[in-house]
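Just so you know, we're using this note's numbering here: the sequence shown kicks off at 118 and counts up by one.
Positions of the beta carbon are idealized from the N, C-alpha and C atoms, including for glycine.
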Amino acid sequence: MSSPGKRREMDLMKLLMADYEVEMANEDSAAEFYVKFRGPRDTPYEGGVWKVHVELPEAYPYKSPSIGFVNAIYHPNIDQMSGSVCLDVINQTWSPMFDLLNVFEVFLPQLLTYPNSQDPLNGEAAALQLREPLRFQQKVREFVNKYAREEDYPACSRNRLSTAMEEAARETPAQASMRSRATAVAAAATSTGAAAAAARDDDDGSDLASLSDSDDEDRQQQQQEAQRAAGEHRMELVGGKLAANGTRNGAHQA
Numbered sequence: 118m119s120s121p122g123k124r125r126e127m128d129l130m131k132l133l134m135a136d137y138e139v140e141m142a143n144e145d146s147a148a149e150f151y152v153k154f155r156g157p158r159d160t161p162y163e164g165g166v167w168k169v170h171v172e173l174p175e176a177y178p179y180k181s182p183s184i185g186f187v188n189a190i191y192h193p194n195i196d197q198m199s200g201s202v203c204l205d206v207i208n209q210t211w212s213p214m215f216d217l218l219n220v221f222e223v224f225l226p227q228l229l230t231y232p233n234s235q236d237p238l239n240g241e242a243a244a245l246q247l248r249e250p251l252r253f254q255q256k257v258r259e260f261v262n263k264y265a266r267e268e269d270y271p272a273c274s275r276n277r278l279s280t281a282m283e284e285a286a287r288e289t290p291a292q293a294s295m296r297s298r299a300t301a302v303a304a305a306a307t308s309t310g311a312a313a314a315a316a317r318d319d320d321d322g323s324d325l326a327s328l329s330d331s332d333d334e335d336r337q338q339q340q341q342e343a344q345r346a347a348g349e350h351r352m353e354l355v356g357g358k359l360a361a362n363g364t365r366n367g368a369h370q371a
């Protein structure tokens, strides 16, 4: 079982690998940061860009993260002044099985898509949604245009974890050798498939069925070898990233 500190950094890695922009609040800690979050499609929040503050408790993932919107958003379940979020899956029913990707790819998009006016933090927004849904949607868009425009979002600064990822991605000789092997296997599979296709074009078709079965088996085996080698290479890179982060954390603690 990984330690809470290791889990924090692994979940941050997942966010970065999923192309989320992350800005560290403290260069020496992975416990507090900001994430660039876009409003879900086909909702009044579409086109909006929010800076979301995330703070991970010491016991994360056994305790839920603290989530808050920095720039204003009009929503029944988000406090208009503090930006704090009222969401059961984050506040009451959080599980260690969840991670930060769940928060930004599932929980928050669902909250913005299906507001719950029965449990509001913004009573005005909840009442407006119930009584005048079209006016509610109009006001959401007004807030988006006023407070959540793409051009007004501050560019996220380069941070320790993204830099560590770049450093870890610089291959060691062993990693380069593994990548070369995976590339060679993939190239062999490709060339074999091309040669087989050319042979089938020249053939009169009498032996097509038997040749096709044999070629398919060869290609499947070679593709599996290529995928396995590529997977080993990815594991090497991830291991390097985690080791790099662990070394930095150890240095700071010392």
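Asked: Name the two residues that bound the continuous beta strand (DSSP E) containing Arg-155.; Found: 149-155
Asked: Under three-state DSSP, which class holds Ile-190?; Found: coil
Asked: Considering only the alpha carbon of each residue, which of Gly-122, Ala-142, Tyr-151 and Gly-156 lies closest to Val-223?; Found: Gly-156
Asked: Are the CB atoms of Val-166 and Gly-185 nearer to each other than 8 Å?; Found: no
Asked: What does DSSP give as the partner residues of Val-202 in its beta bridges?; Found: Ile-195
Asked: Per DSSP, Ile-184 is paired with what?; Found: Val-171
Asked: Measure the CB-CB distance between Glu-126 and Ala-147 and report whether it falls below 8 Å.; Found: yes
Asked: For Tyr-137, does the count of other Cβ atoms within 10 angstroms reach 16, so buried, or fall short, so exposed?; Found: buried
Asked: Among Leu-238, Leu-225 and Met-198, whose alpha-carbon lies nearest the alpha-carbon of Arg-158?; Found: Leu-225
Asked: Flag this pair as touching only if the segment 258-270 and the segment 188-196 have three or more C-beta atom pairs under 8 Å; answer yes or no.; Found: yes
Asked: Measure from the alpha carbon of Asp-204 to the alpha carbon of each residue in Gln-197, Ala-176 and Asp-236, then state which is nearest.; Found: Here the sequence assigns Leu to residue 204, which means Asp is not the residue at that position. Taking only the C-alpha atoms, the option nearest Leu-204 is Asp-236.
Asked: Would you decide whether Gln-209 is buried or exposed? Buried here means 16 or more other CB atoms lie within 10 Å of its CB.; Found: exposed
Asked: Beta carbon of Val-139, beta carbon of Phe-150: below 8 Å?; Found: yes
Asked: Going by DSSP in three states, Met-141 sits in which element: helix, strand or coil?; Found: strand
Asked: So Glu-175 packs on Pro-121, CB below 8 Å; how close in whole Å?; Found: 7 Å
Asked: Measure the Cβ-Cβ separation of Asn-233 and Pro-193 and say whether it is below 8 Å.; Found: yes
Asked: Can you pull the DSSP bridge partners for Val-166?; Found: Arg-155
Asked: If you measure between the beta carbons of Pro-161 and Arg-258, is that distance less than 8 Å?; Found: yes
Asked: Using alpha carbons as the reference points, say which of Arg-124, Pro-213 and Val-152 lies closest to Leu-133.; Found: Val-152
Asked: Using the C-alpha atoms, what's the distance from Leu-217 back to Gln-227?; Found: 14 Å
Asked: So Leu-238 is in the alpha helix (DSSP H); what residue range does that whole segment cover?; Found: Unbroken run through Leu-238: none, as it is neither H nor E.
Asked: By the DSSP assignment, the alpha helix (DSSP H) with Val-257 in it spans what residues?; Found: 250-264
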